[in-house]
Amino acid sequence: MRGKVSRKTIFAFIGPAVIGLALVGIAPLAYAIWTSLHFFNLTKLRKVKFIGLDNYGSVLSDPVFWEAMGRTFFLLGTALPLQIAFGLCISLVLHQPGLSLLKSLTRLSLVLPMATTYAVVGLLGQVMFNQKFGVVNQLLGGAGINWIGDPTNAFAMIIFWDVWQWTPFVALVLLAGLTMVPGEVEEAARLETKKKWIVLRHVQLPFLVPGLVAILILRTADTLKLFDMVFTLTRGGPGASTEFISLMIQRVGFRGFDQGLASAQAIILLIITIVLAQVYIRVFYKEV
Amino acid sequence: MKLNRLPAAAAAAAIFATGALADGHGWSLKKAAEPYAGTTVDVVFLLRPGYEAIEAMLPAFEEETGININIIKHPYENALGEQVRDFVAGGDLDIALIDLVWIGNFAENEWILPIDEFTSNEALVDPDLDIDDFFPLVLNAFGGWNGTIYGLPFDNYSGLLFYNTCILEEAGFDGPPQTWQELKDVYGPALTKDGKHAFALQSKRNETQSADSFARVIWPFGGSFLDENFRSNLLSEESQAGLMFRQDLMQYMPDGIVAYDHAETVNAFAQGDVAMITEWSAFYSTVVSPETSKVADCVAIAPEPTGPAGRKPALGGFSLAVAAQADDDERAAAWLFIQWATSKANAGEYLERGGVPARVSAYADPALAETFKFIPALVESWQDGVPEFRPRFAEWPEITEIVQEWGSKIMLGEVSTEEGARILGERMEAVLEEAGYYSGDKPLAQ
Amino acid sequence: MAGRPRKPLWGQAAVLIAILLLCVFPFYWMVTTSLKTHIVALEAPPAWLFEPTIENYREALFEDGVFKTLANSLIIAVCTTALALALGVPAAFALARFEFRGKRDLWFWFITNRMVSPIVLALPFFLIARNLGLLDKHITLILIYLTFNLPIVIWIVTDQFRGVPYDLDEAARLEGASQFRIMRSICLPLAMPGVAVSAIFAFIFSWNELMFGLILTRNDAKTAPAMAVSFMEGYNLPYGKIMATSTLIVVPVLIFALLASKQLVRGLTMGAVK
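Residue numbers (my numbering), protein chains in the order written: chain A, 85 to 372; chain B, 721 to 1166; chain C, 26 to 299.
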């Protein structure tokens, strides 16, 4: 009778968390659904009126929304492979024997970017990537690259910081996967072939897959949520070149004050997020 | 960010000690403020020189009145959102800081009170208030909406041409350009070299894109946002000429000008990287202070250049109005503060400390122009400006977002000026339609 | 693997040092910029050697009130972490130990909250907080941070409870212990590493949060990241001061992360590698 307990007991354990999260998670959501069905502009609260699905219609047919969405996935599609590639290299280097002190130091330093306040990363980006007094251009040998003011460069800069901040995460997760490979199996494989690639592909990779899945899930979610770093670095500019989905919704809701429309955008983003999370978790996570 | 202040009790004691009560007739701030000692007034300030100036003067007011002024500082770009959220939420702000483009919005939402409420109350009104001493254009544009005055002009701007005399002289110019055309065709090529640029026009996708960049080029060329029927006028030949002029002028501006807000622009000028900028008078103290400027000795000021339609300098600035959500004591205390901060008596000190008052009398002394080189150009531009330089109606917050978006796209070359202006116009008209201007529900006021 | 050639170690060392430098350099630059005067900070090309000043810190801490916002951030992060643990640990225990209908969906719902963009909640939460008079209060942020902290706690701790052998519960139950006793006295001590890890994560995420802090606070409850942002777009690019504030925000959390780095790394890999 493993795991059978009374309803009351179950509720006593899980109820507070459910109620807590429902209050802060679901109640606002219900409110958002309500506003999304209304003309609801903060500066015109006297004109609030029910307009059905009009807001959703506007969002779905608004190229600006879909451009922001496309941009967000483009960022994911460029930054994530880089993070995985660099992260894998770093984890393989760290996994090799020898130089243990230097490796401990490196492992320690990998913790730093992840823990850094995202907003500060953006501020730091402003200082370091400034065209004139930025240290990045100086280190590039006095290159006068205009990072913040050029659409392509600004996007590249966002990718850089995203990679800087999250490659360590990928590296550490993959490193943990590598340490799960039983020593004797790895050793045996190494005796058989000199090619590191083959060891990686056939011996180590299976142990890395769960980590890679987790990385995929978390990075997708975090990219859809991405706000702080870009807000402090480019504010979505120049033009709209780095306006990702969360920034765009923030702009509509808190600068244009059209909370009805912004709520509709937010709900659509939520649906996309849930669908993706469902797919990821149901496909890759067989637990529970 | 509370400032040092006397505890209320001590302030009250001070009032008795100095015998303020003895002064039976005649109005005094001390006496008027007596019932409100200990009241705290919340107000949003910006991170700009005019606010630092009044902050430095504040202890005198607090000591005199016992009223506490609680300043909440925000960057300009957050200030509207913060205030709207506060007013919607029925929050703590007792004073509204109103950019001229917000006044229609604030007034229509009844978030602010007309000054009549206070000027009709003898206990509160300073006999020296002298409303007529404000530049009429400024008072009406910054503080007025639909014929009612709500706010008193506080942090006041006019667009001016700041130029670096050292760079200009070196290139053989003995004065600034008179027209926009001259700026582009003569000064542009001559001053853009060795990594330096002739001109910078702040064009970040913020309010500055609408106010300092977009509007600045359409008006002098005879264009405007709206025609007399409130339809988009951006496709008119004149508006298009202005927008194309801006595209053309970009070759003489630093790269990435679309990422320049005021701070970047002022800094580029202060570092000697650009020879000329058109900026608000409010930034004068920044470019002439050796602490923040490398070119402090080379700064000169002229009115903005003229275009085919004449001189149409940018007009912008703020007024302070009492917020309707304040309670009676807070309203009175807030009014006393506003009246004091914008008073004739304080205008001189405000100017000295880096502020720009809107008092005619403050500029009467011709000697002042020696110290504050922006005065003649400023006074000239306030005689006759375009109040609807940016429309001041309630829909501006939505419209400016559209202008910012498409204005930047045009500059980046993502759309042509014509295509961009067409889409911008359509989206702008959609907002105005929704607001009821075309069905006659709303008078065509901007 | 003792008999391997020593030569490749040089290449390895070079790579390691490069990684180390890449990770650390931005912080070096942040700190040195924070010690520059206004003019030096804007010098082009940037100066590497200069006379340091602590003026930026003095101004930030004592004139601009960064100190208070740091205190706010600390209060909020500690409280929300504690609350997330108090609510999340029992829930995790139930998810790991009990069988009931809809368990998988419930777990999924908890985890999904971790994925939701804060902007989805920020707008309505603002309006609700406004109606309840909860704007600019610590409690508001403490509560809303549950939306990402609770999922973290539940995710990691559920995993950890599952790793505790079931036989132990069984034995205790035969002795008549209640489920709560079992959780507290038997499973919790064994799951402590996971609880600690989730607490560390919850704390770091809360400390670093910007968007809610920006929208839901103004003055009294303003958090440090929201403060750092408000220095931007003044009129004179006070990068020295911005970097000083950034340093004040980041250094405590970095020290904390370094001290807890073992647990942190464990946490990252929990659920990820299994």
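Note that the Cβ used here is the ideal one computed from N, Cα and C, for glycine as well.
Buried/exposed call for residue i, threshold 16 Cβ in 10 Å
i                      : result
residue 286 (chain A)  : exposed
residue 833 (chain B)  : buried
residue 847 (chain B)  : exposed
residue 236 (chain A)  : exposed
residue 194 (chain A)  : buried
residue 134 (chain A)  : exposed
residue 217 (chain A)  : buried
residue 1059 (chain B) : buried
residue 1173 (chain B) : Past the edges of chain B, shown from 721 to 1166, lies residue 1173 (chain B), and the structure says nothing about it.
According to DSSP, residues forming a beta bridge with residue i
i                      : result
residue 999 (chain B)  : B:880
residue 873 (chain B)  : B:1039
residue 913 (chain B)  : B:916
residue 788 (chain B)  : B:760
residue 1210 (chain B) : Shown here, chain B extends from 721 to 1166; a query on residue 1210 (chain B) therefore has no answer.
residue 125 (chain A)  : A:342
residue 817 (chain B)  : B:1040
residue 1022 (chain B) : B:881
residue 794 (chain B)  : B:766
Three-state secondary structure (DSSP) of residue i
i                      : result
residue 132 (chain A)  : coil
residue 854 (chain B)  : strand
residue 741 (chain B)  : Residue confidence for residue 741 (chain B) is low, a pLDDT of 42 falling below 50, so the modelled location carries little weight; the figure read from the coordinates is stated next. Reduced to three states, the DSSP call for residue 741 (chain B) is helix.
residue 959 (chain B)  : helix
residue 865 (chain B)  : strand
residue 112 (chain C)  : helix
residue 1030 (chain B) : strand
residue 1129 (chain B) : helix
residue 265 (chain A)  : coil
residue 214 (chain C)  : helix
residue 209 (chain C)  : helix
residue 319 (chain A)  : coil
residue 1079 (chain B) : strand
residue 1015 (chain B) : coil
residue 368 (chain A)  : helix
residue 189 (chain C)  : coil
residue 765 (chain B)  : strand
residue 102 (chain A)  : helix
residue 835 (chain B)  : coil
Residue i: CB within 7 angstroms of a non-hydrogen atom of the ligand ZN
i                      : result
residue 1036 (chain B) : The model depicted lacks the ligand ZN and carries no ligand whatsoever.
Sub-8 angstroms separation of residue i and residue j beta-carbons
i                      : j                      : result
residue 994 (chain B)  : residue 919 (chain B)  : yes
residue 1113 (chain B) : residue 875 (chain B)  : no
residue 1094 (chain B) : residue 955 (chain B)  : no
residue 1051 (chain B) : residue 1042 (chain B) : yes
residue 1137 (chain B) : residue 964 (chain B)  : yes
residue 125 (chain A)  : residue 343 (chain A)  : yes
residue 227 (chain C)  : residue 182 (chain C)  : no
residue 220 (chain C)  : residue 114 (chain C)  : yes
residue 238 (chain A)  : residue 357 (chain A)  : no
residue 762 (chain B)  : residue 819 (chain B)  : no
Next item on the list: May I ask you to list, following chain order, the residues of the stretch 1118-1136 of chain B that have a beta carbon less than 7 angstroms from some beta carbon of chain A?
Entry: Of all residues in the stretch 1118-1136 of chain B, only 1118, 1121, 1125, 1128, 1129, 1132, 1134 place a beta-carbon less than 7 angstroms from a beta-carbon of chain A.
Item checked: Residues in the stretch 121-138 of chain A having any Cβ partner in chain B nearer than 7 angstroms -> Within the stretch 121-138 of chain A, the qualifying residues are 126, 127, 129.
Check: Along the stretch 225-259 of chain A, what residues have a CB closer than 7 angstroms to any CB found in chain B?
Finding: Interface annotation for the stretch 225-259 of chain A against chain B: 230, 232, 233, 234, 235, criterion Cβ-Cβ distance under 7 angstroms.
Notebook entry, point to check: Of all the residues that make up the stretch 954-979 of chain B, which are near chain A by a beta-carbon distance shorter than 9 angstroms?
Noted result: Against chain A - using a Cβ distance shorter than 9 angstroms - the residues of the stretch 954-979 of chain B are 974, 975, 976, 977, 978, 979.
Notebook entry, point to check: Mind listing which residues of the stretch 899-926 of chain B have their C-beta closer than 7 angstroms to chain A's C-betas, in chain order?
Noted result: Among the residues of the stretch 899-926 of chain B, those with a Cβ less than 7 angstroms away from any Cβ of chain A are 924, 925, in the order of the chain.
Next item on the list: Anything in the stretch 63-93 of chain C with a Cβ closer than 8 angstroms to a Cβ of chain B? List those residues in chain order, please.
Entry: Residues passing the 8 angstroms Cβ filter: 63, 64, 67, 69, 89, 90.
Check: According to a CB-to-CB cut-off of less than 8 angstroms, which residues of the stretch 326-338 of chain A neighbour chain C?
Finding: Considering only beta carbons, the part of the stretch 326-338 of chain A lying closer than 8 angstroms to chain C consists of 329, 330, 333, 334, 337, 338, in chain order.
Notebook entry, point to check: Can you list, in chain order, the residues of the stretch 770-804 of chain B whose Cβ is nearer than 9 angstroms to any Cβ on chain C?
Noted result: Those residues of the stretch 770-804 of chain B that come within reach of chain C (Cβ to Cβ, closer than 9 angstroms) are 790, 792, 793, 794, 795, 796, 797, 798, 801, 802.
Notebook entry, point to check: If contact means a Cβ-Cβ distance below 7 angstroms, which residues of the stretch 352-366 of chain A contact chain C?
Noted result: Within the stretch 352-366 of chain A, the residues whose Cβ lies closer than 7 angstroms to some Cβ of chain C are 353, 354, 357, 358, 361, 365, listed in chain order.
Notebook entry, point to check: Taking Cβ-Cβ distances below 9 angstroms as the criterion, which residues of the stretch 278-289 of chain C are in contact with chain B?
Noted result: Within the stretch 278-289 of chain C, no residue has a Cβ lying closer than 9 angstroms to any Cβ of chain B.
Next item on the list: Scan the stretch 169-193 of chain A for residues whose Cβ lies nearer than 7 angstroms to a Cβ of chain C and list them as they occur along the chain.
Entry: Cβ contacts with chain C: 174, 177, 180, 181, 182, 183, 186, 187, 189, 190, 192, 193.
Next item on the list: Identify each residue in the stretch 812-837 of chain B for which the Cβ-Cβ distance to at least one residue of chain A is less than 8 angstroms, and report them in chain order.
Entry: Against chain A - using a Cβ distance shorter than 8 angstroms - the residues of the stretch 812-837 of chain B are 825, 829.
Note to self: Along the stretch 159-177 of chain C, where does the CB come closer than 7 angstroms to a CB of chain A? Name the residues.
What the structure shows: Going along the stretch 159-177 of chain C in chain order, one finds 168, 169, 171, 172, 175 with a Cβ nearer than 7 angstroms to chain A.
Notebook entry, point to check: Of all the residues that make up the stretch 128-151 of chain C, which are near chain B by a beta-carbon distance shorter than 8 angstroms?
Noted result: So the close ones are 151.
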